[in-house]
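Asks: Below is the structure I would like to discuss, written out as structure tokens.
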Amino acid sequence: CSSGEEEDDENHQDDTSIVNDIKQDSEGVKGKDKIAQYKSLLASLEEEEDKKRNRDVDLEITWDVGMKEKAEKSIKEKLNTPQTPFEEMLEKRKQKKKLRKEEKLKQKGKEQESGSEDDLCSDDEIPSDVDMADPFFRSEHQVSTVKKNKKANSEVESEEAKQRKAELELLLMEENDSEVQKSHFNMKSIQDQENDGKKKKRRKQLKKKNIKENITNNDDFQVDITDDRFSALFTSHHFNIDPAEPQFRKTKAMDVIISEKLKRRKQEHEQDLTPPKLLKTDPELSLLVKSIKNKTKNKK
24 CSSGEEEDDE NHQDDTSIVN DIKQDSEGVK GKDKIAQYKS LLASLEEEED KKRNRDVDLE
84 ITWDVGMKEK AEKSIKEKLN TPQTPFEEML EKRKQKKKLR KEEKLKQKGK EQESGSEDDL
144 CSDDEIPSDV DMADPFFRSE HQVSTVKKNK KANSEVESEE AKQRKAELEL LLMEENDSEV
204 QKSHFNMKSI QDQENDGKKK KRRKQLKKKN IKENITNNDD FQVDITDDRF SALFTSHHFN
264 IDPAEPQFRK TKAMDVIISE KLKRRKQEHE QDLTPPKLLK TDPELSLLVK SIKNKTKNKK
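Each residue of the sequence shown is one higher than the one before, counting from 24 in the working numbering.
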């Protein structure tokens, strides 16, 4: 841009110098010569303008320091940036679509080759003495070729369906694996699980309690405590009952036995504390005892 401005300034100076020269020369030249000079001046100006229009313009490009290094660095950063799981999944799908397209193109090529071979075989199978111009033979030949083509297309479609199903299963497996690997814990779900566990424990406890209550309610067994054959249960230490024992089961019969055992123990204790009753003695025996006592006192 600066070079163009310099050239314009030079051209302007040239124009002014030409005009001055003409003025100086015009003083000693006649009128006709002046007209010729003006014409030549105009022609020269037109030529210079044409040159300006037709010439190529020079452009200046300025480069900053380290511009190339910055561009390379930005490209490397874009290539090295880790992709998100969603971007990775999209990339995998794109690659699989490309593979599918390539496989379809290959299959189409194979189908075309097989179709050409079938046509050749069908042409070879036709006997030489059969006239294909006959509409009957022509229609039969067309029906057979249509059936063959349908069979080939159905086989290809079944193969494509199997491939699609396998690819979808692989995609689902990959997505499930990635979700399992990258899954984060959810505090709410953990709390819900813990609460469910507590509720289940409470339900189990209530069930056990209800079972016990049902057992006690349905317990109609009665112990005959007046039977002497079971007296050892209430008196002997071999049949002591410990409620802290794990095998202990609280039932109505067990409560009766414990209460009867405590009752009999209490009665035995009371009997031990009561003073012995005085026996009724004969009066003669008492007089004899008194006389003996008196005699012993007199001797002393």
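Even for Gly, the Cβ is constructed at its ideal location relative to N, Cα and C.
Just verifying my parser: in three-state terms, what is the DSSP assignment at K74?
Replies: Taking the first residue of the sequence shown as position 1, residue 74 is located at position 51. K74: helix per DSSP, three-state reduction.
Asks: Return helix, strand or coil for P266, following the three-state DSSP convention.
Replies: Residue numbering aside, residue 266 sits at position 243 when the sequence shown is read from its first letter. In this structure, P266 counts as coil in the three-state DSSP scheme.
Asks: Could you give the residue range of the alpha helix (DSSP H) that holds H292?
Replies: What you label residue 292 is simply residue 269 of the sequence shown in a count that begins at 1. Looking at the DSSP string, the run of the alpha helix (DSSP H) that includes H292 is K275 to L296.
Asks: Would E190 and K119 qualify as a contact pair, given that the criterion is a beta-carbon distance under 8 Å?
Replies: Here residue 190 corresponds to residue number 167 of the sequence shown, with the count starting at 1. Here residue 119 corresponds to residue number 96 of the sequence shown, with the count starting at 1. In this structure, K119 lies closer than 8 Å to E190 by Cβ.
Asks: Closest to T258 by C-alpha separation, out of L285, E268, Q245 and D247, would be which residue?
Replies: Locating residue 258 in the sequence shown gives position 235, counting from the first residue. Considering only alpha carbons, the answer is L285.
Asks: Report, in whole angstroms, the separation of the C-beta atoms of Q228 and A276, which I expect to be a contact under 8 Å.
Replies: Here residue 228 is taken as the residue at index 205 of the sequence shown, counted from 1. Here residue 276 is taken as the residue at index 253 of the sequence shown, counted from 1. Going by Cβ atoms, the distance from Q228 to A276 rounds to 25 Å, so no, they are not a contact pair.
Asks: Using the C-alpha atoms, what's the distance from K91 back to Q60?
Replies: Here residue 60 corresponds to residue number 37 of the sequence shown, with the count starting at 1. Here residue 91 corresponds to residue number 68 of the sequence shown, with the count starting at 1. So the two alpha carbons sit approximately 58 Å from each other.
Asks: Under 8 Å Cβ to Cβ from R287, same chain only, skipping five residues before and after it: list those, please.
Replies: By one-based count along the sequence shown, residue 287 stands at place 264. Excluding sequence neighbours, R287 sits near F257 and T258.
Asks: For A94 and K75, what's the separation of their Cα atoms in angstroms?
Replies: Translated into positions along the sequence shown, residue 94 becomes position 71. Translated into positions along the sequence shown, residue 75 becomes position 52. Answer to the nearest angstrom: the Cα atoms are 38 Å apart.
Asks: Alpha carbon to alpha carbon, how far is N321 from K313? Give it in angstroms, no decimals.
Replies: Start at 1 with the first residue of the sequence shown, and residue 313 comes out as number 290. Start at 1 with the first residue of the sequence shown, and residue 321 comes out as number 298. Looking at the two C-alpha atoms, the distance is approximately 13 Å.
Asks: Using a threshold of 8 Å, state whether the C-beta atoms of I264 and I281 are closer than that.
Replies: Locating residue 264 in the sequence shown gives position 241, counting from the first residue. Locating residue 281 in the sequence shown gives position 258, counting from the first residue. For I264 and I281, yes; Cβs fall inside 8 Å.
Asks: Tell me the rounded alpha-carbon separation between A184 and K230.
Replies: As a position in the sequence shown, residue 184 is number 161, starting the count at 1. As a position in the sequence shown, residue 230 is number 207, starting the count at 1. Rounded to the nearest angstrom, the two C-alpha atoms are 54 Å apart.
Asks: Under three-state DSSP, which class holds T402?
Replies: Residue 402 lies beyond the residue range present for the chain, which begins at 24 and ends at 323; the question has no answer from this structure.
Asks: The alpha helix (DSSP H) spanning T258 covers which residue range?
Replies: Here residue 258 corresponds to residue number 235 of the sequence shown, with the count starting at 1. Segment A255 to T258, the alpha helix (DSSP H) holding T258.
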